[in-house]
Amino acid sequence: MLIRKATDQDSKAIVSLFNIIIDEMDLEIVRTLDRSKLDIVFQKSFETPGFLSQWAQTIVAVENDKVVGFLYGYPFENEKKINKLMHSFLQDAGLSPSIVIFSDPEAYPDEWYLNSIAVNPKYQGHGIGSKLLTATADLAANQNKNKIGLNVDWENPRAEALYHNYGFKNVGQTKLGDHNYNHLQKSI
1 MLIRKATDQD
11 SKAIVSLFNI
21 IIDEMDLEIV
31 RTLDRSKLDI
41 VFQKSFETPG
51 FLSQWAQTIV
61 AVENDKVVGF
71 LYGYPFENEK
81 KINKLMHSFL
91 QDAGLSPSIV
101 IFSDPEAYPD
111 EWYLNSIAVN
121 PKYQGHGIGS
131 KLLTATADLA
141 ANQNKNKIGL
151 NVDWENPRAE
161 ALYHNYGFKN
171 VGQTKLGDHN
181 YNHLQKSI
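Encoded structure:
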């Protein structure tokens, strides 16, 4: 298995994994939209340098030439740029530019924020998520950040326990959509 920087060619595979997270978030706005159009927005986003390496960093886990996992995050100060970039693709996908997909701030100041991590269910339990998670230290350090933050849903205590095993500590709480989340951080 190989962990590498994502390319625009990985976007379709990334979107299928990203949708696992989107489904778990159960955002009201997402339930009202045509998912195929929303997938276009996500795919166009993950084809841009802004999402892949400029403002955010996206890496993938590859097994037998197939993307089986991904991780995406960014420094706190880039969150608005990332959301604005994604928003810029709404009309291209046939959606109203008045739609706001992600309205709640997620990152905390001075951190590299791990926005999303997902592994294809067929490949879970083989250490892929752990390898992706371990790579966040280098991603954060390369962005001159000395802490990594993430949000974990209150309804997912198993994931929270995993993050605690990797040295993450609870530092706050937030609400994204209709779900409550603990905000965790780890110093590097």
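For the sequence shown, the working numbering begins at 1 and goes up steadily by one. A virtual CB, placed ideally from N, CA and C, is assigned to each residue, including glycine. As the structure is a prediction and not an experimental result, all values here were calculated from the model.
- In this structure, the alpha-carbon of Q185 lies about 13 Å from that of G73.
- Under the three-state reduction of DSSP, N170 is assigned to strand.
- Nearest neighbour of N180 by Cα position, chosen from V152, Y163 and H126, turns out to be V152.
- By DSSP's assignment, W55 forms no beta bridge with any residue.
- Counting the other CB atoms within 10 Å of its CB gives Q9 a total below 16, which places it among the exposed residues.
- Here the alpha carbon of H164 sits roughly 12 Å from the alpha carbon of S187.
- By a beta-carbon distance limit of 8 Å, L132 contacts L71. Their separation comes to about 4 Å.
- Between F102 and N83, the alpha-carbon positions lie close to 7 Å from each other.
- With respect to T174, D104 sits close: the two C-beta atoms are nearer than 9 Å.
- S53 is a Cβ neighbour of K5, given a cutoff of 9 Å.
- Taking a cut-off of 8 Å for Cβ pairs, the stretch 111–121 and the stretch 15–22 touch, as three or more such pairs fall below it.
- Distances from the CA of S45 to each of D65, V15, N142 and E28 were compared; the closest alpha carbon is that of V15.
- Taking all protein chains in view, the Cβ of W55 is crowded by 16 or more other Cβ atoms within 10 Å, so the residue is classified as buried.
- For L114, the uninterrupted beta strand (DSSP E) segment begins and ends at W112 to V119.
- Counted as a single uninterrupted DSSP element, the beta strand (DSSP E) harbouring L71 occupies residues K66 to P75.
- In the DSSP assignment, H164 falls within the unbroken alpha helix (DSSP H) covering P157 to N165.
- Non-local C-beta neighbours of M25 in its own chain, meaning closer than 7 Å and more than five positions away in sequence, comprise L176, G177 and H179, ordered along the chain.
- Assigned with DSSP and collapsed to three states, G149 falls in strand.
- DSSP, read as helix, strand or coil, puts Q185 in strand.
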